[in-house]
Amino acid sequence: MTGLEVIGLNKAFGGLTVARDINITLAPGDRKALIGPNGAGKSTFTNLITGILEPTSGEIRLDGRDIGKLSEAQRVKAGIAKTFQITNLFKSLTVRDNLRLPLLERRGLTGRLIRRSDREGGVEDEVESLLSQFRLSDMGDRPVERLAYGQQRLVEMAMTLALKPRILILDEPAAGVPSSESPLIAEAISGLPQDLAVLVIEHDMALVFKVARRIVVLVSGAILTEGTPEEIAADARVRDLYLGASHG
Amino acid sequence: MKSLLPFALMALVAVVAFYAFPYNLAFLTRVVITMILVLSLDLLIGVTGIDTLGQAALYGTGAYAAGLFAVHVWADPVAGLLVGGLAGAVVAFVSGLLLMRTHGLTLLMLTIAVAEVFQELANKLDWLTGGADGLGGITMNPVFGTWQFDFIGQTGYIYAVCVLFIVTAILKVVIGSPFGLSLRGIKDSPARMRAIGTPVGRRRVAVYTLAGAVAGIAGALAAQSTALVSLSVYDFQVSAEAMIMLILGGTGRLWGALIGTAVFMAVHEVAASVDPFNWLFIIGFLVLAVVYAVPRGLIGLPEEIRRMVGRLK
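Quick mapping for you: the protein sequence lines, in order, are chains L and G. Each residue of the first sequence is one higher than the one before, counting from 1 in this note's numbering. Each residue of the second sequence is one higher than the one before, counting from 1001 in this note's numbering.
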């Protein structure tokens, strides 16, 4: 199939199993959310997909090709990109430079020693269009560390999008964002290219139900269930998980 | 145009120094050479965030390579510089393959160790390097076959200043390039650089190699201008003082490296002649004062003053 296919993925640290027989597919245009209580293994799953961790067993395929052996950087080149749970930007650099880096890297230009980094025509056009897509045009020349947190999250997303991924993993895109700025994030996610396959890992249920068309529930490293938002909302087990078993 | 202003200022200072201190040209030449060494360190510490205390390994190897080349092969100064730069780059590349896998304290310790290994090596290979007696007998040909090195050091000074200009200009271009931007990205967040697909390890080795070439050129200049290479080129003090000068001037913008070196060495020279026993005290006080009052180094001083004046109003 085209897109991402995860087949029977397992990961154990010694005796501790943190991912158990996970099967997930992510096709172009998908808007899936991965939810689960703390410690369910959401971050581990992300790290397995992006190549930070190596699975104990199982397969990860992109367009039918096994990418399980590729390094983190190689998987980015193959089209899998993720945003960071905690904002991880180049803080002392300007917003424009933050966007230039992935754009230059995508074109394989960051090894170049001559010509200024802000004189690459194609790159500059893309920088400006990303800035306007995420409504950051006014603050392009400001160092990222002087931006409000919600705006930093947008820069985070814009940077990841700059890699032109086909599979985009948004790791808690609204974490730490004040609720007043949360609609900004939802709006940005809705504005993502239609053919992109998006997996959102998020705690904020309001955001999940706004952007996801399918929801996967992860508990103790294994998939509990998968379904549409309506099905998930009606699922008693999921409600137990989030409300506690006490409601009867 | 604006980017040329600091270069014009640099040229002005170099010319004024030349006429103001006609009998101190040997000292001024040493300052200029040290500036090149500290620039190489700024590329690592200031731009890329690679903390190292082993710059002497690269500098010293450049010095020995240029000295040996002049004695045994060809006494042409410019060819010698290239040989010194190449030697520094080769040592940096080979040791970098190992060193650049480490970070923090481990890296600091290992870089010190590499310099020590080279010092011991130069000591043991005394049939080649002259060992503890140093490598003598270096007599350089005229620069470009035209300008003879004179005993007051006029040619040596102008030659060193020209090399400093070229090195600074090249590093400015490199820092402004996409490669340079990726180095600054690595300093801010190596994890994020990996996440956008940059091979961070290879980049670190590449910049270490480039810094090795620059430090090697500085070493070669030192060998050529003093006509002697001794084991002290590998001293820990070389690396440590270079780092202090860099912090004093301010990291990451090259100009800080130049200012820090000039101030440190000038104060050192004056203090040591005023009080030969307690000059270290004065240097220590200066560094403390700057680090405390202007954490970003002397290059941040104008901005700091502007802020203080603003607060008074």
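No residue lacks a Cβ here, since even glycine has one placed at the ideal position from N, Cα and C. Bear in mind that the values here come from a model prediction, so they are computed numbers and not experimental data.
query, result
"Exposure of Ile1305 of chain G, with buried meaning 16 or more beta-carbon neighbours within 10 Å", "exposed"
"Proximity test, Cβ basis, 8 Å: Asp30 of chain L and chain G", "no"
"Secondary structure, alpha helix (DSSP H): runs of 4+ residues fully inside the region 25-65 of chain L", "42-50"
"Residue span of the alpha helix (DSSP H) that contains Lys11 of chain L, given as start and end", "Segment Leu4 to Phe13 is the beta strand (DSSP E) holding Lys11 of chain L; no alpha helix (DSSP H) there."
"Contacts around Gly248 of chain L, its chain only, beta-carbon distance under 6 Å, and the 5 residues preceding and following it disregarded", "Low local confidence applies: a pLDDT of 39 at Gly248 of chain L is under 50, so the model's placement there is unreliable, with the coordinate-based value given in what follows. Nothing meets the Cβ criterion."
"Same chain only: Cβ atoms within 6 Å of Glu226 of chain L, ignoring 5 sequence neighbours per side", "Val216"
"Every unbroken alpha helix (DSSP H) within the region 1049-1082 of chain G, with a cutoff of 4 residues, ordered by chain", "1055-1072"
"Cβ pair Pro183 of chain L, Arg153 of chain L closer than 8 Å", "no"
"Beta bridge counterpart(s) of Arg153 of chain L as assigned by DSSP", "Bridge partners of Arg153 of chain L: none, in fact."
"Opening and closing residue of the alpha helix (DSSP H) in which Asp1150 of chain G lies", "Careful: Asp1150 of chain G lies outside any alpha helix (DSSP H) and carries neither H nor E."
"Under the three-state DSSP convention, the category Thr126 of chain L falls into", "Looking at the sequence provided, one finds Glu at residue 126 of chain L rather than Thr. Three-state result, Glu126 of chain L: helix."
"Beta bridge counterpart(s) of Ile201 of chain L as assigned by DSSP", "L:Leu34 and L:Asp171"
"From G:Ala1020, G:Ile1036 and G:Leu1025, residue whose alpha carbon lies closest to that of Leu1246 of chain G", "G:Ile1036"
"Test: Leu1330 of chain G CB closer than 8 Å to a CB of chain L", "Absent from the structure is residue 1330 of chain G, since the part of chain G shown begins at 1001 and ends at 1313."
"Three CB pairs or more closer than 8 Å across the region 69-83 of chain L and the region 1189-1202 of chain G", "yes"
"Alpha helix (DSSP H) segment containing Glu1303 of chain G, residue limits", "Leu1301 to Leu1312"
"Beta bridge counterpart(s) of Val1143 of chain G as assigned by DSSP", "G:Trp1147"
"Contact list for Lys42 of chain L against chain G, beta-carbon separation under 7 Å", "Here the premise fails: no neighbours, minimum Cβ distance about 17 Å."
"Given Ile1138 of chain G as reference, the closest of G:Met1265, G:Ile1045 and G:Tyr1064 once Cα atoms are compared", "G:Tyr1064"
"Chain L within 8 Å of Ser1047 of chain G, Cβ atoms only", "Reading off the sequence, residue 1047 of chain G comes out as Val, not Ser. Val1047 of chain G does not count as touching chain L."
"Residues, ordered as in the chain, of the region 1174-1186 of chain G that lie near chain A by beta-carbon distance below 8 Å", "You won't find chain A in this structure, because its protein chains are L and G."
"Val1073 of chain G versus Thr83 of chain L - alpha carbon distance", "56 Å"
"Beta-carbon spacing of Ala1070 of chain G, Leu1231 of chain G below 8 Å", "no"
"Residue from L:Leu161, L:Tyr149, L:Phe90 and L:Ala158 whose Cα sits closest to the Cα of Gly176 of chain L", "L:Tyr149"
"Neighbouring residues, chain L, relative to Arg1194 of chain G (Cβ below 7 Å)", "Glu72 and Ala73"
"Per DSSP, the bridge partner or partners of Gly227 of chain L", "L:Ile215"
"Unbroken alpha helix (DSSP H) run spanning Lys164 of chain L, endpoints", "Element bounds for Lys164 of chain L: n/a, residue is neither H nor E."
"Outcome for Lys1124 of chain G when other beta-carbon atoms lying within 10 angstroms are tallied against a minimum of 16", "exposed"
"Three CB pairs or more closer than 8 Å across the region 1157-1171 of chain G and the region 1097-1105 of chain G", "no"
"Endpoints, the alpha helix (DSSP H) within which Lys82 of chain L is located", "Element bounds for Lys82 of chain L: not the alpha helix (DSSP H) but the beta strand (DSSP E), Ile80 to Lys82."
"Beta-carbon neighbours of Pro102 of chain L, restricted to chain G and to distances below 7 Å", "Ile1196"
"Through-space distance from His1268 of chain G to Val1287 of chain G, alpha-carbon basis", "12 Å"
"8 Å contact criterion, which Val219 of chain L and Leu241 of chain L should meet: CB distance rounded", "7 Å"
"Cross-chain neighbours of Asn88 of chain L in chain G, by beta carbon under 7 Å", "Ser1189, Ala1191 and Arg1192"
"Rounded C-alpha distance that separates Leu1121 of chain G from Thr25 of chain L", "59 Å"
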